[in-house]
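Protein chains in written order, with this note's numbering: chain A, 464 to 661; chain B, 464 to 661. C-beta: ideal position from N, C-alpha, C; glycine also. Reading through the C-alpha cells given below for one structure.
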C-alpha cells in the first residue's frame, strides 16, 4: 500500500505530476488516473488528500508556487513595505504567468474548476500582508489590519493587469507607481473612513 | 486592384479574418498571407493599412471590440459614474476574455506582438473616462482630469483580476465594491495630493 497521504515527498510527487500533465495536455484532457500513474501513486492515495481533479489543480496553482503567501519584509515604513509587497507579487506573477494564463480559458468553460478556485480564495494565507498593516499601525501610520484582503486584491490586480496588457519587465518604476499612487493613498483612505463607503 | 485601404467594409473583412484565424490557429501559426486569402484581399492592401501581423492583431484586440472606448454615462454623481465605468469594463472583459487570455501566453513569448501592444497603450481613447472626471470637477466634486490614465488602469485591473481569479459573474456587488472601496477614494486622494507622492 501507499504511504500516508500527507507524506511530503509523496504529496510533492503528485503535485509535480499534476503540473507536468497540465502543461503537456491541458486541464480538460488530463485525468486523475494519469496523474496517479505519472506520480507512481494509487488513486486512493490521491483521493485521501484531494476531493478531485479541480482541488488538485487549485492546490498546484495556489500553494505549490507560494502564490498565497506574500511576506514583505519590514523596511521601516508603510511606503517601503507596500513597495516590497508589489515586488513580491511581481516575482510570483512572472513565475506563474504561463500556468495561470493557460488555465484561464479553462476557468471560463469549466465551472467545477472555477468553483474550486473560488472556494479557495477566502482561505488564502494573507498573514504577511496583515503583518505589514499591523507594523504600520504600530508605527502610528494610518493603516488597519482589517483591510488586508482588499489591499492584497488591489496589489495583485495591478501586477497582473500590467503583466497581461503591458508585459514584462515589471520594473522599479512600476513598483514605485503602484505603491505611491495607488496602494498608499488607499490604505490611508481606508483607515480614515473604515467602511470605504461615502 | 483592391479598393482603397481605409474602405470600412474591406477593413472589417480583414479584421474579421484576422480574428477568425487567431481563434482557429493562434498567433504564431497565422500568417498575413492566410489573412489576405481569408479576407479576399491582397497583401498590399493589408500592408497599406497595417505595418504587419502584430499591428493587425493589436487593432483586433483594442479597436474591433471597443475595448478602448469606455464611455460611462452621466449618472449625476462621481460615485455613480465610477460604477458605470466599472460596469462597462466588465462587459468588455466578459466579451473579450477568451481572446485576451488566448493571446496572453503569446505576448510573453512573442516580443514583437508585446511591443506593438505596448506602443498602442498610450494612444488609447480614454476620452470617456476624462469626461467623467471633468463632469465631477464641474459639480465641485474633488476630481482631476489629469488622473484619467491611472483611473482607467486601476478600474481595468480590478475587473480583469476578478474575472481571472474569481471568475464570472461580475455582479452588482463587485461593481459597488470597486467603485466605493477603491476608485472613489483614489480619485479623491489624487485630487488632494496631485502628484500622488507623499
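Chain A has no Cβ within less than 9 Å of the Cβ of residue 636 of chain B.
Going by beta carbons, residue 626 of chain A and residue 646 of chain A fall outside the 9 Å limit. Secondary structure within the stretch 575–641 of chain B: the alpha helix (DSSP H) runs of 4 or more consecutive residues, fully enclosed, are 590–601, 611–628 and 635–640 (chain order). For residue 605 of chain A, same chain residues with a beta-carbon under 6 Å away, outside a window of 5 residues either side, are 651 and 654 in chain order. Where residue 646 of chain A is concerned, there is no enclosing alpha helix (DSSP H), because DSSP gives it neither an H nor an E.
By the Cβ-count criterion, residue 634 of chain B is exposed, with fewer than 16 other Cβ atoms from all chains shown falling within 10 Å of its own Cβ. Distance between residue 505 of chain B and residue 499 of chain B, taken at the CA atoms: about 6 Å. Per the C-alpha coordinates, the member of A/643, A/631 and A/538 positioned closest to residue 558 of chain A is A/631. In chain order, 498, 502, 504 and 509 place their CB closer than 7 Å to the CB of residue 477 of chain B, counting only its own chain and leaving out the 5 sequence neighbours on each side. The beta carbon of residue 589 of chain A lies closer than 7 Å to those of 611, 612 and 615 in the same chain, with the five residues before and after it left out. Taking C-beta separations shorter than 7 Å and ignoring five residues to either side along the sequence, the partners of residue 521 of chain A in its chain run 579, 580 and 583, following chain order. Residues of the stretch 467–493 of chain A with a C-beta atom less than 7 Å from some C-beta of chain B do not occur.
Put simply, of B/491, B/473 and B/601 the residue whose alpha carbon is nearest the alpha carbon of residue 539 of chain B is B/601. Counting only Cβ-Cβ distances below 9 Å, residue 605 of chain A has no contacts in chain B at all, with the closest Cβ about 11 Å away.
The beta carbon of residue 481 of chain A sits closer than 7 Å to the beta carbons of 498, 519, 520 and 523 from its chain, once the five residues preceding and following it are set aside; these are given in chain order.
The closest CA to that of residue 617 of chain B, considering only B/575, B/644, B/560 and B/576, is found on B/644. Counted as a single uninterrupted DSSP element, the stretch harbouring residue 533 of chain B is not any alpha helix (DSSP H), since DSSP gives it neither H nor E.
CA-to-CA, the gap between residue 574 of chain A and residue 491 of chain A works out to about 12 Å. Taken atom to atom, the span from the alpha-carbon of residue 639 of chain A to that of residue 495 of chain A is near 44 Å. At a cut-off of 9 Å between C-beta atoms, residue 554 of chain B does not count as an interface residue with respect to chain A. Annotation for residue 544 of chain B: 535, 538 and 595 place their beta carbon closer than 6 Å to its own, counting only its chain and skipping 5 residues before and after. Here DSSP, grouped into helix, strand and coil, assigns residue 494 of chain A to coil.
Identification of chain B residues near residue 523 of chain A by a Cβ-Cβ cut-off of 9 Å yields none; the smallest Cβ-Cβ distance measures about 15 Å. Within a 10 Å sphere around the beta-carbon of residue 592 of chain B sit 16 or more other beta-carbons, which makes this residue buried. In this structure, residue 599 of chain A and residue 621 of chain A do not form a Cβ contact; the two beta carbons are roughly 19 Å apart against a cut-off of 8 Å. Scanning chain A for C-beta atoms nearer than 8 Å to the C-beta of residue 649 of chain B yields 645, 648, 649 and 652, reported in chain order.
Between residue 648 of chain A and residue 649 of chain B, the C-beta gap is smaller than 9 Å, which places the two residues in contact. Approximately 6 Å separates the beta-carbon atoms of residue 556 of chain A and residue 623 of chain A; this is inside 8 Å, confirming the contact.
With 16 or more other Cβ atoms inside 10 Å of its own Cβ, residue 619 of chain B counts as buried.
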